[in-house]
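Chemist: Using my numbering, you'd call the opening residue of the sequence shown number 7 and step up by one each time.
Where a beta carbon is used, it is the ideal one built from N, C-alpha and C, also for glycine.
Provided herewith is a single structure, encoded as structure tokens, for subsequent inquiry.
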Amino acid sequence: MSLAAKWRQWLPHLGIAVVVAYCLAPFYWMLVSSLRGTDDIFSTSLFPSPLSFENYRSVFSPAQGFTRALLNSLIVAGITTAMSLLLALFTAYAMARLEFRFKRLILTLIIATSMFPVVSIVVPLLKLFTDIGWINTYQSMIVPSMSFTLPLAVWNLTTFFRQMPDELEHAAMVDGCTRGQAFRKVIVPLAAPGIFTTAIITFIAAWNEFLIALSMTNKPSMQTATVAISKFSGATTYQTPFGSQMAAGVVVTIPLVVMVLVFQRRIVAGLTAGAAK
């Protein structure tokens with residue numbers, strides 16, 4: 007094999023390696039920085055020496071309240087994902103299967119709502135939630151987050167349902183199912199890969215949300231993990247706790263990585279599967 011042929015053979019692998027290294031480098035540096043001591047936090051070595059876990063002990067100290075913040079993030083992201091999926095399933099099925107006027111316009115408006123910047127709705131929502139007594143509640147974070155996760159879920163599931171042939175429902179209805187039973191017993195199980203993919207994307211978006219959670223809560227007991235990290239305090243007034251923030255960033259990233267690793271096959275199936283395999 008000639009040298010040029012060998013280069014052509016290995017060039018795609020080299021390109022993939024460069025892209026992977028570029029994407030993982032910030033996470034690697036976050037992990038390395040979280041394992042440095044306070045005096046070594048600005049070191050530029052590729053490996054922490056000496057290895058220190060003081061940043062993780064600081065993160066989980068009772069004074070930080072980070073464990074409670076993680077629980078709040080899990081509650082907000084979990085409920086947001088569940089409610090978004092429940093509403094998106096029926097909406098996406100109707101958009102994919104039913105014929106009615108202005109369907110394309112409605113779908114365009116649904117996806118357009120997710121393009122509004124969060125900062126443009128925070129002030130009106132803050133005034134509304136203050137008037138109705140929703141400040142420092144879970145619903146004050148869940149409902150606004152759904153305004154962005156729900157359109158995303160509807161768009162993804164609509165695309166997936168459109169790939170599924172109409173004959174699936176027709177065959178089920180010939181066998182005696184109503185349209186609702188055909189949807190529940192045939193379509194939903196077959197759409198599981200797409201639902202899993204949408205659920206994970208929605209959960210990640212809700213888990214990483216910051217501005218709404220920052221604006222709607224002022225009690226430490228109601229803050230989510232992203233807000234808690236931004237409010238970490240150093241040993242002195244003007245010291246930025248870079249090490250603790252890096253350690254907290256690693257802790258917040260771990261659930262997302264584990265989720266993707268556990269459900270990676272379903273994610274790939276949801277992104278690549280056709281209708282009738």
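1. Under the assumption that PHE135 contacts ILE141 (Cβ atoms under 8 Å), give the Cβ distance between them as a whole number of angstroms.
2. Taking 8 Å as the cut-off, decide whether the C-beta atoms of SER58 and GLY43 are in contact.
3. So, is PRO130 buried or exposed, given that buried needs 16 or more other C-beta atoms within 10 angstroms?
4. What's the C-alpha gap between GLY186 and LEU104?
5. Tell me the rounded alpha-carbon separation between SER40 and SER79.
6. If GLU215 and THR203 are in contact, beta carbons under 8 Å, what's the gap, nearest whole angstrom?
7. Quick one: grab the DSSP three-state call for ALA94.
8. Classify GLU173 as helix, strand or coil using the three-state DSSP reduction.
9. Using the three-state DSSP reduction, which class does GLY249 fall into: helix, strand or coil?
10. By Cβ distance, which residues of its chain are closer than 8 Å to LEU217, with the 5 residues on each side in sequence left out?
11. Going straight from the alpha carbon of PRO68 to that of VAL263, what length do you get?
12. Sorted by chain position, which residues of the same chain lie with C-beta nearer than 6 Å to THR164's C-beta, five sequence neighbours on each side aside?
13. What are the complete beta strand (DSSP E) segments, minimum 3 residues, inside the segment 187-243?
14. Let me know if THR155 comes out buried or exposed under the rule of 16 or more other beta-carbons within 10 Å of its beta-carbon.
15. CB-CB under 7 Å to SER221, same chain, minus the five flanking residues each way: which ones, in chain order?
16. Does DSSP put GLU60 in a helix, a strand or coil?
17. Taking the alpha helix (DSSP H) that VAL129 falls in, what are its first and last residues?
18. Going by DSSP in three states, ARG5 sits in which element: helix, strand or coil?
19. Would you kindly work out how many angstroms separate the C-alpha atoms of VAL24 and TYR62, rounded to a whole number?
20. Where does PHE226 land, buried or exposed, given buried means 16+ other C-beta within 10 angstroms?
21. Give the single residue among PRO261, ALA219, PHE53 whose Cα lies nearest to the Cα of VAL38.
22. Could you tell me the distance, in whole angstroms, from the CA atom of TRP13 to the CA atom of GLY21?
23. Going along the chain, which residues of its own chain have a beta-carbon closer than 6 Å to the beta-carbon of ALA219, five neighbours each way excluded?
24. Starting from LEU113 and walking both ways along the alpha helix (DSSP H), at which residues does that stretch end?
Modeler: In this structure, then:
1. The count along the sequence shown starts at 1 and reaches residue 135 at position 129. The count along the sequence shown starts at 1 and reaches residue 141 at position 135. Indeed, because the Cβ distance is near 6 Å, the residues count as touching under 8 Å.
2. Against the sequence shown, residue 58 aligns to sequence position 52. Against the sequence shown, residue 43 aligns to sequence position 37. Their beta carbons are under 8 Å apart, which means SER58 touches GLY43 by this criterion.
3. Numbered from 1 along the sequence shown, position 124 holds the residue referred to as residue 130. Under this definition PRO130 is an exposed residue.
4. Sequence index remark: in the sequence shown, residue 186 carries index 180 (1-based). Sequence index remark: in the sequence shown, residue 104 carries index 98 (1-based). Each residue's Cα considered, the two are about 13 Å apart.
5. Here the question's residue 40 lines up with position 34 in the sequence shown. Here the question's residue 79 lines up with position 73 in the sequence shown. Between SER40 and SER79, the C-alpha separation is close to 21 Å.
6. Residue 215 sits at position 209 when you count from the first residue of the sequence shown. Residue 203 sits at position 197 when you count from the first residue of the sequence shown. GLU215 to THR203, Cβ: 19 Å. No contact.
7. Against the sequence shown, residue 94 aligns to sequence position 88. Reduced to three states, the DSSP call for ALA94 is helix.
8. Reading the sequence shown from its first residue, position 167 is the one you call residue 173. Looking at GLU173 - three-state DSSP - the assignment turns out to be helix.
9. Numbered from its first residue, the sequence shown carries residue 249 at position 243. GLY249 falls in the helix class under three-state DSSP.
10. As a position in the sequence shown, residue 217 is number 211, starting the count at 1. So the list reads VAL124, VAL125, VAL128, once near-sequence residues are dropped.
11. Along the sequence shown, one-based indexing puts residue 68 at 62. Along the sequence shown, one-based indexing puts residue 263 at 257. Spanning the two alpha carbons is a distance of roughly 26 Å.
12. By 1-based counting over the sequence shown, the position of residue 164 is 158. Sequence-distant partners of THR164 (beyond 5 residues in either direction) whose C-beta falls short of 6 Å from its own C-beta, in its chain, are ALA98, MET101, ALA102.
13. none
14. Looking up residue 155 in the sequence shown gives position 149. Its Cβ being crowded by 16 or more others within 10 Å, THR155 is buried.
15. The sequence position of residue 221 within the sequence shown is 215, counting from 1. Result list for SER221: VAL128, LEU132, in chain order.
16. Numbered from 1 along the sequence shown, position 54 holds the residue referred to as residue 60. It is helical.
17. Within the sequence shown, residue 129 is the residue found at index 123, counting from 1. It spans 125-138 - the alpha helix (DSSP H) in which VAL129 sits, taken as one unbroken run.
18. No answer is possible for residue 5: it lies beyond the span of the chain, which begins at 7 and ends at 283.
19. Start at 1 with the first residue of the sequence shown, and residue 24 comes out as number 18. Start at 1 with the first residue of the sequence shown, and residue 62 comes out as number 56. Their backbone Cα atoms lie some 31 Å apart in a straight line.
20. Counting from 1 along the sequence shown, the entry for residue 226 is found at position 220. Checking the displayed sequence, the identity of residue 226 turns out to be Pro instead of Phe. Classification for PRO226: exposed.
21. By one-based count along the sequence shown, residue 38 stands at place 32. Measuring from the Cα of VAL38, the nearest candidate turns out to be PHE53.
22. As a first step, residue 13 must be located in the sequence shown, where it is residue number 7. As a first step, residue 21 must be located in the sequence shown, where it is residue number 15. TRP13 and GLY21: Cα-Cα distance of roughly 12 Å.
23. Walking along the sequence shown from the start, residue 219 turns up at place 213. Non-local C-beta neighbours of ALA219 in its own chain, meaning closer than 6 Å and more than five positions away in sequence, comprise MET147, THR230, VAL233, ordered along the chain.
24. Residue numbering aside, residue 113 sits at position 107 when the sequence shown is read from its first letter. Note, LEU113: alpha helix (DSSP H), 109-119.
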